[in-house]
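>
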Amino acid sequence: QLQLQESGPGLVKPSETLSLTCTVSGGSIGSSNYYWGWIRQPPGKGLEWIGSIFYSGTTYYNPSLKSRVTISVDTSKNQFSLKLSSVTAADTAVYYCARSPCGGSCYRGDHWGQGTLVTVSS
Amino acid sequence: QSVLTQPPSVSAAPGQKVTISCSGNSSNIGNNYVSWYQQLPGTAPKLFIYDNNKRPSGIPDRFSGSKSGTSATLGITGLQTGDEADYYCGTWDSSLSAGVFGGGTKLTVL
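Those protein sequences? They're chains A and B, same order as listed.
Per the numbering used here, the first sequence runs over residues 3 to 124.
Per the numbering used here, the second sequence runs over residues 1284 to 1393.
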């Protein structure tokens, strides 16, 4: 059964770079036609789509975050990662990784990680 | 402010039916598939409806989805207390080349 697990620091200082990794088990990132992405949810608020990546490296980003976001994939480790630069308190959120069976013209998260809370504070 | 518009809350009694609306435009709902997610408190969202009206394996047929023009609707019949959750609609936005979500609707089963 497919499982996704987020990992990374739970506390990041303002102006620094937030870095998270999603480890996929029960399936191979590099041998399937899926997109792998990140979604976040500030405390008490709704979902915000951050971006997604295909195993070949094709990426799509939320335009409002595009200048600060990089999503990459490491097929040898069956992982994909998120980097968000120049963070502020507004980036405090639960960050989820998720799989989508499509991308570029559609999106649906059919498998999600449990989420990890990242707090931006000095 | 979310790209897709949902009512903040809906409520109904156990056993009754409720609908949750999701409004967008021609760049998103109007020309792309809609999905719906259930989020129980403290847990990750779970896909409940995809491609406008399809249910993943294991989702009860009490849950249904529909789309008309630039709006979509999630319907839940035979409400149970366990259905109390936040529900989100989502789709692709062709103008943004990005996924988008609604602001979420809190369902209360009275």
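Using N, Cα and C, we set each Cβ at its ideal position, and we do this for glycine too.
Only a predicted model underlies this, so the values are computations on that prediction, with no experimental measurement involved.
Under a three-way DSSP split, which group does G1341/B fall into?
DSSP places G1341/B in coil when its eight states are reduced to three.
> Going by beta carbon distance, what residues of the same chain come within less than 6 Å of L13/A, once the five residues before and after it are set aside?
If we look at L13/A and ignore the five residues flanking it on each side, its Cβ neighbours are T121.
> Does P1328/B pass the burial test, meaning 16 or more other C-beta atoms within 10 Å, or should it be called exposed?
Result: buried.
> My guess is that W38/A and I52/A are in contact by the Cβ rule of under 8 Å, so how many angstroms apart are they, rounded?
So it is not a contact: roughly 12 Å between Cβ atoms.
> Using a Cβ cut-off of 8 Å (strictly closer), state whether S1304/B contacts chain A.
Chain A, which has no Cβ nearer than 8 Å to the Cβ of S1304/B, makes this no.
> Work out the CA separation of I1359/B and I1342/B for me, nearest whole Å.
Distance between the alpha carbons of I1342/B and I1359/B: 11 Å.
> Check T1391/B in the structure and name its three-state DSSP category.
DSSP places T1391/B in strand when its eight states are reduced to three.
> Which residues mark the beginning and the end of the beta strand (DSSP E) in which T61/A is found?
Element bounds for T61/A: 61–63.
> Please report the straight-line C-alpha distance between Q5/A and N1308/B, rounded to a whole angstrom.
The straight-line gap from Cα to Cα measures roughly 34 Å.
> Distance, Cα to Cα, C24/A vs Q1321/B?
Each residue's alpha carbon lies about 22 Å from the other.
> Distance, Cα to Cα, V89/A vs V75/A?
If you take the alpha carbons of V89/A and V75/A, they lie about 22 Å apart.
> Determine which residues of the stretch 48–75 of chain A have a Cβ less than 8 Å from any Cβ of chain B, and write them out in chain order.
Cβ contacts with chain B: G48, L49, E50, W51, G53, S54, Y62, Y63, N64, P65.
> Among the candidates Q43/A, L22/A, Q3/A, E8/A, whose CA atom is the shortest distance from the CA of L86/A?
Selected option, being the one with the closest Cα: L22/A.
> Would you kindly work out how many angstroms separate the C-alpha atoms of K15/A and W1375/B, rounded to a whole number?
Taking the straight line joining both Cα atoms gives about 32 Å.
> Indicate whether V1392/B and L1357/B have their beta-carbon atoms separated by less than 8 Å.
For V1392/B and L1357/B, no; Cβs fall outside 8 Å.
> Mind checking T77/A: buried by the 16 CB within 10 Å criterion, or exposed?
When all chains shown are included, T77/A counts as exposed.
> Alpha carbon to alpha carbon, how far is N1314/B from D112/A?
Rounded to the nearest angstrom, the two C-alpha atoms are 20 Å apart.
> Considering only residues of the same chain and omitting the five flanking positions on each side of V1301/B, which have a CB-CB separation below 7 Å?
The residues are V1293, A1295, I1359, L1362, L1390.
> Does the beta carbon of C108/A sit closer than 8 Å to a beta carbon anywhere in chain B?
Yes, C108/A lies at the interface with chain B (some Cβ there is under 8 Å from its Cβ).
> Identify the contact partners of T1374/B in chain A, using a Cβ-Cβ distance below 8 Å as the criterion.
Those are C108, Y109, listed as they occur along chain A.
> For the stretch 1309–1377 of chain B, which segments carrying the beta strand (DSSP E) assignment without a break, of at least 3 residues, lie completely within its bounds, in sequence order?
Complete beta strand (DSSP E) runs here, min 3: 1317–1322, 1329–1332, 1346–1351, 1354–1359, 1368–1376.
> Between which two residues does the beta strand (DSSP E) carrying Q43/A extend?
Unbroken beta strand (DSSP E) run through Q43/A: 37–43.
> Taking the straight line between their C-alpha atoms, what separation do you get for A100/A and S123/A?
Cα to Cα, the separation comes out at about 26 Å.
> Starting from D76/A and walking both ways along the beta strand (DSSP E), at which residues does that stretch end?
Looking at the DSSP string, the run of the beta strand (DSSP E) that includes D76/A is 71–76.
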